[in-house]
Amino acid sequence: MTAIKHTLHRDVFLPHDERLVGFVHVTKVGRKKKTSFLCAALNNDHESSVKARVCQVIKKTDKGESYKKKSTWLLRELKVVDGKSSSKETAEFDLHYEKIYKWVASSVADKEAFISCLWKLSQRCLVQKPDFINVPKQLLEEVSKPSGVGHTPQTGDDMAVLEEDYQALTGKEESDLALLMSESQAAISNAESFAEQLSKQLSVLDGANIHSIMGSEDQVLNLMRLLDDGINQAEKIEDRLDSYDKILQNVKDQMEMMRDKDSLINTRNKNHQQLLEDLDSLVSQLDLDTRHLKALSDGDLSTPGGIYECTNAANALRNCMAVQIHQALRKMSAVEEQQKRYSKFSASFAKRLAHHLNNLFIHQGNEMGETLSRQMIDFKIPQHHSSHRDLTPYADLMSWLKNADPKSFKELSQVYTTSLSRLYTKETQDFIECAKQRLGTGTKTDKNKLGAGLAGQSASKLSGSSTSLQGKIHDARGRSGSMQSVDSASLSMHGSDSDLAMRHLFDQVLDKVFSELEPFCLAEQDFCVRFFHLVAESQKGEKEEEDKEGGDIWQPRKPVQSVERHINEEVRGMMRDLFPCLETNLDDFFSYSDRIDGFNSMYMLVRMSQHVNKAQNTGSFLSVTFASCLVKIKRNFDRFIQNQIRAIQECRVAKKTKCGIISFVHTFEDFANQAESIFRGSENRHAHLDKSYVTLVAVIFEQIARIASEHPKTPREVVMMENFHHMFCKYYGL
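Position 381, counted from 1, in the sequence shown is what this note's numbering calls 483; the numbers after and before it change by one each time, with no gaps.
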């Protein structure tokens, strides 16, 4: 191996001013027959730093034992050296440049020696070093480590050269060496003579140096004496520095103690400041002004000023009792005592407030009952805006009472509903009875009076129904004798002029009933929601926006179509307690109206359907009540249609005369005219009227066929043609 190294260095690297440092005999993976050498070499360009290279050298086959470079890579371009395994012995290793080169060394020892050589070269020559992976740790030695440790026999000499930190001769050194060699003529031809001459010159120089040293003995002694004096002075300075260090150490200890004391003082001051702030905050939160205490104890609940002061005092008391403080502070005796004191004030004021409102509710119920008879004369439900206005200032106090004493709040709600339910029941009953009286007079004078009194309110609600019907009836009276009997039967079934006027009158009275009941109930419902705070917490923001737009609660209620009113079950429960007989009274009125005239069921169906469909909140008390009444009105209407069907089926015609237009055909015509006038503009026409038309027409067709078959004087085809043609003309125009 030494001979091969010498040959490689001489033939391949020395001509290029390069020096071989290490090499290994390798083959490529899968090509074991073709061998080559991987060499690590150093190159000195004289003008730059030393450069390390890795070369692949192969043997020339045509020139005997000569070698040549096949590939050369700079060491700084090497990225990774992969030894394949750090625990298992293997001769394979990889060098990662831009490509990955896989090699197999001739032996494991040669591989490890070459990798160690690459490691040391990278440590000495490179700033950015490659990564060595899967390599035993003992191979990755520091460059500064002695060369005799850990070197393999193969590359020991080469690494020793590296340890000497070889540097090329400078220009001056080369010129001096050339001058020395020029002085001796045998320097080149006879190296032994030149070496002997150099040895003699070295001996002469050594002797001169010794004589020079011996001649300067006094100077050396003076120098030694000066050194001793310097050592003594240095020892004195060290002693003084030691004393200073001890003093500074004491000062350091004192400063640390002062710093610790200062930290403790700062901590104590911060704790005192925090304690003062917490106590000040606690006292300010639990402190209630004396004027608030006086208002809670002796405040006048009957005047606006007294109510305002009591409201502020109650809110301040609630804030003091609901203050958020640390749980440990609640265990302080002063805090517990203050909370007990405020609890007594709260219980005392809640009792006084409940007693005052209890008397006020009862008094208002009795006082409003005295004006009932006077209001009924005008056919109006008494308005309670004034009573609501009187109770409104107590709304905030009711909110406080609801949180402070739920039991008293519930009892007050029951007192309010009990006191006013009797009044509202009496008012609605008297109002409904007044409406019945307006319908039950039966005299033309009363009809004219009522018609004149209500003409300005709802004359436009029913557009000319009586006039159109009267014209049709007048035209029917000019027919033949047989037809006159039919017309009289039609008039008896579907009404004369007075019946049409009464139906018009009923429509006006019904509209008056709804126009009075709806705002009356909604005003009371709005008051209950706001006064008793029945809206859920999540709906308060929506209610507050509506309050700002709607004004005071005692003002007439304005319709709000875009805002959906959320009324919970608690509101409906209170309204049911306040109006326990409203649905019963309405049912009585509708039943009474239906008994007077079956056509009234159509008026009621149209009016009630309009109110139910236009309701903004289908879950409110009034909407639920109207929906229940609407179901019963539909049943009355269905019963009315069944009566019409029964009358058609029981109809008989005279057999001694010719059969013309049958009476129930004219009856259907008058019925259709009246129904079209009533249902004009209704959204529920298809759901009610059109279905009734289909049922009635089917029965009429069956009865026309029956009468045509049974009549002895008129041919069957003639009867069917006349009546079907008449039905077609009327039914086609609907």
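Glycine included, each C-beta is placed from N, C-alpha and C at the ideal position.
Taking the runs of the alpha helix (DSSP H) that are 4 residues or longer, which of them lie wholly in the stretch 340 to 385?
With a minimum length of 4 residues, no continuous alpha helix (DSSP H) run stays inside the stretch 340 to 385.
If distances are taken between C-alpha atoms only, which option among S693, R491, K181 and I333 comes closest to K201?
Translated into the one-based positions of the sequence shown, residue 201 becomes position 99. When only C-alpha atoms are compared, the closest one is K181.
Can you tell which of D740, A436, F739 and M710 has the C-alpha that lies nearest to the C-alpha of V726?
Residue numbering aside, residue 726 sits at position 624 when the sequence shown is read from its first letter. The shortest C-alpha separation from V726 is found at M710.
Please name the residue or residues paired with I235 in a DSSP beta bridge.
Position 133 of the sequence shown, counted from the start, is the residue given in the question as residue 235. Bridge partners of I235: D184.
Report the option in I802, I483, K171 and N371 whose CA atom is closest to the CA atom of R754.
As a working note, residue 754 is residue 652 in the sequence shown. Ranking I802, I483, K171 and N371 by Cα distance to R754 puts I802 first.
Do A142 and F125 have their CB atoms nearer than 8 angstroms?
Along the sequence shown, read from residue 1 onward, the residue named residue 142 stands at position 40. Along the sequence shown, read from residue 1 onward, the residue named residue 125 stands at position 23. The answer is yes: Cβ separation under 8 angstroms.
Could you check which residue in A800, Q441 and Y199 has the C-alpha nearest to that of I750?
Counting from one through the sequence shown, the residue named residue 750 turns up at place 648. Nearest of A800, Q441 and Y199 to I750, Cα basis: A800.
Grab me the residues of A397's own chain with a C-beta within less than 8 angstroms of its C-beta, minus the 5 sequence neighbours each way, in chain order.
The sequence position of residue 397 within the sequence shown is 295, counting from 1. Contacts found: G408, E411, C412, N414 and A415.
On a CA-only basis, which of C623, A436 and L455 is nearest T527? Give me that one, please.
Taking the sequence shown and counting its residues from 1, the one referred to as residue 527 is at position 425. T527 has its Cα closest to that of C623, out of C623, A436 and L455.
Would you call Y368 buried or exposed, if buried means 16 or more other Cβ atoms sit within 10 Å of its Cβ?
Position 266 of the sequence shown, counted from the first residue, corresponds to residue 368. It is worth fixing the name first, because residue 368 is Asn in this sequence and not Tyr. Its Cβ having fewer than 16 others within 10 Å, N368 is exposed.
Once the 5 residues before and after S568 are set aside, which same chain residues still bring their CB inside 7 angstroms of it?
Within the sequence shown, numbered from 1, the residue matching residue 568 stands at position 466. Note that S568 scores a pLDDT of 32, beneath 50, so its modelled location is shaky and nothing firm can be said.
Between K512 and S450, what straight-line distance do the alpha-carbon atoms span, to the nearest angstrom?
Working through the sequence shown from its first residue, we reach residue 512 at position 410. Working through the sequence shown from its first residue, we reach residue 450 at position 348. Going from the Cα of K512 to the Cα of S450 covers about 17 angstroms.
With a 10 Å radius around its C-beta and 16 neighbouring C-beta atoms as the bar for buried, classify M326 as buried or exposed.
The residue labelled residue 326 in the question sits at position 224 within the sequence shown. With fewer than 16 Cβ atoms within 10 Å of its Cβ, M326 is classed as exposed.
For the structure I just gave you, are there three or more beta carbon pairs, one from the stretch 758 to 767 and one from the stretch 724 to 738, closer than 8 angstroms?
Because the criterion of three Cβ pairs below 8 angstroms is not met, the stretch 758 to 767 and the stretch 724 to 738 do not touch.
Please state whether DSSP places V128 in a helix, a strand or coil.
Residue mapping note: residue 128 aligns to position 26 of the sequence shown, counting from 1. Strand at V128.
Compute the distance between the beta-carbons of M706 and L791, then report whether it is under 8 angstroms.
The residue given as residue 706 occupies position 604 in the sequence shown. The residue given as residue 791 occupies position 689 in the sequence shown. Cβ distance not < 8 angstroms, so M706 and L791 don't count as in contact.
Check whether the Cβ atoms of F633 and A497 lie closer than 8 angstroms to each other.
Looking up residue 633 in the sequence shown gives position 531. Looking up residue 497 in the sequence shown gives position 395. For F633 and A497, yes; Cβs fall inside 8 angstroms.
Mind pulling the alpha helix (DSSP H) runs of 4 or more residues that sit fully within the stretch 733 to 796?
Runs of the alpha helix (DSSP H) inside the stretch 733 to 796: 765 to 781.
In the structure shown, what three-state DSSP assignment does A143 receive?
Looking up residue 143 in the sequence shown gives position 41. Of the three classes helix, strand and coil, the one that applies to A143 here is strand, per DSSP.
Pull up the CB-CB distance for V159 and S138, whole angstroms please, since I reckon it's below 8 angstroms.
Within the sequence shown, residue 159 is the residue found at index 57, counting from 1. Within the sequence shown, residue 138 is the residue found at index 36, counting from 1. Going by Cβ atoms, the distance from V159 to S138 rounds to 6 angstroms, so yes, they are a contact pair.
With a threshold of 6 angstroms on Cβ separation, who are the neighbours of Q466 within its own chain once the five nearest residues in sequence on each side are excluded?
Indexing the sequence shown from 1 puts residue 466 at position 364. Only S489 meet the Cβ criterion.
Who pairs with D196 in a beta bridge, going by DSSP?
If you number the sequence shown from 1, residue 196 lands on position 94. Per DSSP, D184 and K204.
Kindly identify the DSSP beta-bridge partner or partners of V156.
As a first step, residue 156 is located in the sequence shown; it is residue number 54 there, counting from the start. According to DSSP, V156 bridges with A142 and W175.
Leaving out five residues on either side along the sequence, give the residues of the same chain with a beta carbon under 7 angstroms from the beta carbon of E120.
Locating residue 120 in the sequence shown gives position 18, counting from the first residue. Excluding sequence neighbours, E120 sits near A143, L144 and N145.
Classify K396 as helix, strand or coil using the three-state DSSP reduction.
For the purposes of this step, residue 396 is taken as the residue at position 294 of the sequence shown. Correct three-state label for K396: helix.
Look at the Cβ atom of L688, then the Cβ atom of C731, and state whether they are nearer than 8 angstroms.
Taking the sequence shown and counting its residues from 1, one reaches residue 688 at position 586. Taking the sequence shown and counting its residues from 1, one reaches residue 731 at position 629. Yes; because the gap between Cβ atoms is below 8 angstroms, this pair is in contact.
Would you kindly work out how many angstroms separate the C-alpha atoms of A625 and M423, rounded to a whole number?
Counting from one through the sequence shown, the residue named residue 625 turns up at place 523. Counting from one through the sequence shown, the residue named residue 423 turns up at place 321. Rounded to whole angstroms, A625 to M423 spans 35 angstroms at the Cα level.
So, helix, strand or coil for T494, using DSSP?
Indexing the sequence shown from 1 puts residue 494 at position 392. Correct three-state label for T494: helix.
Given this structure, state the Cα-to-Cα distance separating K760 from A810, to the nearest angstrom.
As a working note, residue 760 is residue 658 in the sequence shown. As a working note, residue 810 is residue 708 in the sequence shown. Distance between the alpha carbons of K760 and A810: 11 angstroms.
Flag this pair as yes or no: are the beta carbons of W502 and N421 separated by less than 8 angstroms?
Here residue 502 refers to the residue found at position 400 of the sequence shown. Here residue 421 refers to the residue found at position 319 of the sequence shown. Going by C-beta atoms, W502 is not nearer than 8 angstroms to N421.
Restricting to Cα atoms, I'd like to know which of L140, K538, A154 and T192 is closest to K172.
Here the question's residue 172 lines up with position 70 in the sequence shown. Among L140, K538, A154 and T192, the Cα nearest to that of K172 is on L140.
Which residues does DSSP pair with K170 in a beta bridge?
To locate residue 170, count along the sequence shown from 1; it is residue 68. K170 pairs with I160.
Less than 8 angstroms between C-beta atoms, sequence neighbours within five positions excluded: which residues of the same chain meet that for I55?
Outside the shown range of the chain (103 to 836) lies residue 55, about which nothing can therefore be said.
Starting from the C-beta of D690, find all residues in its chain whose C-beta is less than 6 angstroms away, skip the five residues before and the five after it, and write them out in chain order.
The residue you call residue 690 lines up with position 588 of the sequence shown. Correct list: empty, nothing qualifies.
Compute the Euclidean distance between the alpha carbons of L381 and R370, then round it to the nearest angstrom.
The sequence position of residue 381 within the sequence shown is 279, counting from 1. The sequence position of residue 370 within the sequence shown is 268, counting from 1. Roughly 16 angstroms between the two C-alpha positions.
Taking the straight line between their C-alpha atoms, what separation do you get for K107 and K302?
The residue given as residue 107 occupies position 5 in the sequence shown. The residue given as residue 302 occupies position 200 in the sequence shown. Cα to Cα, K107 sits roughly 36 angstroms from K302.
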